[in-house]
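Here the protein sequences come in this chain order: A and B.
Here the first sequence stands for residues 93 to 325, numbered as in this note's numbering.
Here the second sequence stands for residues 93 to 325, numbered as in this note's numbering.
Glycine included, C-beta positions come from ideal geometry on N, C-alpha and C.
Below is one structure, written out as structure tokens, with a few remarks after it.
Protein chains: 2
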Amino acid sequence: MTEFKAQPPAGLEPSAASRAGASVYELIRDDIVSGRLKANERLVVAELAQRHRTSTNPVREALQLLRGEGFVVFSPNRGARVRPIDQDFVRDIYEIGVLIEPALARWFVGMATLEDIAELEAIQDEIERNNFADPIRHSELDTRFHTIMYERHYNRHAAELWWKHREVLRAVSRRFSFTLARRAQVMREHRELIQCIKDGDAERAAALVAQHVEGSGRHILEQMRAAEAARAG
Amino acid sequence: MTEFKAQPPAGLEPSAASRAGASVYELIRDDIVSGRLKANERLVVAELAQRHRTSTNPVREALQLLRGEGFVVFSPNRGARVRPIDQDFVRDIYEIGVLIEPALARWFVGMATLEDIAELEAIQDEIERNNFADPIRHSELDTRFHTIMYERHYNRHAAELWWKHREVLRAVSRRFSFTLARRAQVMREHRELIQCIKDGDAERAAALVAQHVEGSGRHILEQMRAAEAARAG
DNA sequence: AGACTACAAATAATGTATAATCAGGCGTAG
DNA sequence: CTACGCCTGATTATACATTATTTGTAGTCT
Chain A
93 MTEFKAQPPA GLEPSAASRA GASVYELIRD DIVSGRLKAN ERLVVAELAQ
143 RHRTSTNPVR EALQLLRGEG FVVFSPNRGA RVRPIDQDFV RDIYEIGVLI
193 EPALARWFVG MATLEDIAEL EAIQDEIERN NFADPIRHSE LDTRFHTIMY
243 ERHYNRHAAE LWWKHREVLR AVSRRFSFTL ARRAQVMREH RELIQCIKDG
293 DAERAAALVA QHVEGSGRHI LEQMRAAEAA RAG
Chain B
93 MTEFKAQPPA GLEPSAASRA GASVYELIRD DIVSGRLKAN ERLVVAELAQ
143 RHRTSTNPVR EALQLLRGEG FVVFSPNRGA RVRPIDQDFV RDIYEIGVLI
193 EPALARWFVG MATLEDIAEL EAIQDEIERN NFADPIRHSE LDTRFHTIMY
243 ERHYNRHAAE LWWKHREVLR AVSRRFSFTL ARRAQVMREH RELIQCIKDG
293 DAERAAALVA QHVEGSGRHI LEQMRAAEAA RAG
């Protein structure tokens, strides 16, 4: 069986410049995406340096990198703040996914080999065997399922964009669990998608992926709204 | 008449942290996008610091920012290199544009006011008056034309993405000039687009934008191929 | 009193300088 | 051809200067 650990598509993980830099970058990024750092929270360089046992230089660089990726916002002479991973943000990126993923999927239908299809089915089997019992595992399997379809796409830019968005959504949805309705929907859509690929029906596959991503986005948004309502009420 | 200087959509220009930082960032970025820095060229921090009369810190931060935006690639312990703005790169981003811009345009059709349409027409008049005589001016007007349609879109992420891609394409195409065929096509498509918006025909507007972006991308790619062939032959 | 302004101190970003380490590349000796 | 050692430059670490923003205080005006 193949590796079922969620991995970036092609051969390129941003992988920060080096040891300290990479670790600071990843730690801060995780803190943002997972919600440990609150929206709009100030990111004071000296504090972060102390917390992560490094000097200020790597922290400053990590923040700039995060700025370039959109996770951190700078105001001149007032430093960095956490970009809020709020409902708007999630909606924005899943809507972009709805536009991009169908195109990636359409291409895949024309390129899929028997091995690809076998692997998709193996993963789907595994997803069903797991049946959401282990949410982390489900997330990894599901990500892998889509990665197989997108990772060989010639448009590296689009694939990279997809992967970045995927990571954010994955981190956000870790906070929630799947509703029964959504579980059934995921299973059904994956199976249907595999069938489309087998049939070589690119258009239907694209439409299905659009629907799948749309559904996934809606699901997360509803969970976020519910959580917020619970917090407020 | 309104401002015809190309400007970012909403109120947010990345605008690096401060004077020196911003200028280093912009200068390096321009050098990359305009082709003054060649593909895969090494970006030695000390050199850049000297050339731009600053210390190494701002340079390193600018490079990290550029990395986050995808213009620079890092290898651990071997520093930064220019990400090649080659045909693949251009194709990648214009293809993404073909997917995203129609969605932005579709939304605009449902939101356009009489003032918006008047402004689009004014700009198109201006474009026709200029008639590609001043290419820079044409580029600014054309960018403004599209900015009007996209800048108020609720999906800030998508609008920002569009703007970043637009800047790259603008810089690349500065090296070339418009073929007669392309000139006519631009005029026709803009006028048709305005008509669609007046009619409230969102679907046709979206299709037209897709075609328009597709055509623009193809045009640039062909120019790039021609230039490369000329260089090689 | 309440509110507003001017100025001073505190906080932190930004830029500069310099050193210490470390990894990779290159040339030379064996 | 391989091993050793040197050189370049990346990366990290400090320390400090400069600048901008924020905050607080005191004095003044209404």
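Query, Result
"Chain B contact for D184 of chain A (CB, 9 Å cutoff)", "yes"
"Residues that DSSP places opposite A197 of chain B in a beta bridge", "DSSP output for A197 of chain B lists no bridge partner at all."
"Cα-Cα separation between H282 of chain A and L129 of chain A, rounded to whole angstroms", "34 Å"
"Touching by the beta-carbon criterion (3+ pairs, under 8 Å), the segment 152–163 of chain A and the segment 115–134 of chain A", "yes"
"Within chain A, partners of E139 of chain B - CB distance below 8 Å", "Here the premise fails: no neighbours, minimum Cβ distance about 17 Å."
"Neighbourhood of F200 of chain B by C-beta, 6 Å cutoff - its chain only, sequence neighbours within 5 removed", "M241"
"Residues of the segment 293–312 of chain A whose Cβ lies closer than 7 Å to any Cβ of chain B, in chain order", "none"
"Near-chain A residues of the segment 194–216 of chain B (beta-carbon distance less than 9 Å), N- to C-terminal order", "P194, A195"
"L158 of chain B: contacting residues in chain A (beta-carbon distance under 8 Å)", "G160"
"Three-state secondary structure assigned by DSSP to F163 of chain A", "coil"
"From B:E220, B:H230, B:R175, B:L253, residue whose alpha carbon lies closest to that of G127 of chain B", "B:R175"
"Neighbour-count burial assignment, R236 of chain A, 16 or more Cβ in a 10 Å radius", "buried"
"Per-residue DSSP class, three states only, for R173 of chain A", "strand"
"H249 of chain A at chain B interface by Cβ criterion, 9 Å", "yes"
"Any C-beta of chain A under 9 Å from that of N149 of chain B", "yes"
"Close beta carbons around G189 of chain A, own chain, < 6 Å, minus the five adjacent residues each side", "H257, V305"
"Segment contact flag, the segment 290–303 of chain A with the segment 194–212 of chain A, C-beta cutoff 8 Å, min 3 pairs", "yes"
"Within 9 Å, strictly: CB atoms of W131 of chain B and I177 of chain B", "The displayed chain sequence assigns Ala, not Trp, to residue 131 of chain B. Going by C-beta atoms, A131 of chain B is nearer than 9 Å to I177 of chain B."
"For R267 of chain B, the three-state DSSP class (helix, strand or coil)", "coil"
"Contact with chain A by I177 of chain B, beta-carbon distance below 9 Å", "no"
"Exposure label - Q216 of chain A; buried when at least 16 CB within 10 Å", "buried"
"At least three beta-carbon pairs within less than 8 Å, the segment 211–228 of chain B to the segment 216–233 of chain A", "no"
"Selection from B:L285, B:V264, B:F270 that minimises the alpha carbon distance to H238 of chain B", "B:L285"
"Distance CB(V125 of chain A)-CB(A263 of chain A) smaller than 9 Å", "yes"
"Given V67 of chain B as reference, the closest of B:R121, B:V260, B:L233, B:W255 once Cα atoms are compared", "Past the edges of chain B, shown from 93 to 325, lies residue 67 of chain B, and the structure says nothing about it."
"Contiguous alpha helix (DSSP H) assignments of at least 4 residues, all confined to the segment 198–282 of chain B", "206–222, 227–242, 248–265"
"Under 9 Å between C-beta atoms of I209 of chain B and H249 of chain A", "no"
"Contact set between E153 of chain B and chain A, taken where Cβ atoms lie within less than 7 Å", "R152, E153, Q156"
"Unbroken alpha helix (DSSP H) run spanning R296 of chain A, endpoints", "294–324"
"Burial state of L206 of chain A, where buried means 16 or more other Cβ atoms lie within 10 Å", "exposed"
"Distance, L157 of chain A Cα to A214 of chain A Cα", "37 Å"
"Per-residue burial, N169 of chain A [other beta carbons within 10 Å of its own, 16 or more giving buried]", "exposed"
"Coarse secondary structure for L135 of chain B, derived from DSSP in three states", "strand"
"Selected residue, minimal CA-CA separation from E259 of chain A, among A:Q315, A:E161, A:R134", "A:E161"
"Residues of its chain near E187 of chain B, where Cβ-Cβ distance is below 8 Å and the 5 sequence neighbours each way are ignored", "G309"
"Contact under 9 Å by Cβ, A112 of chain B with L135 of chain B", "no"
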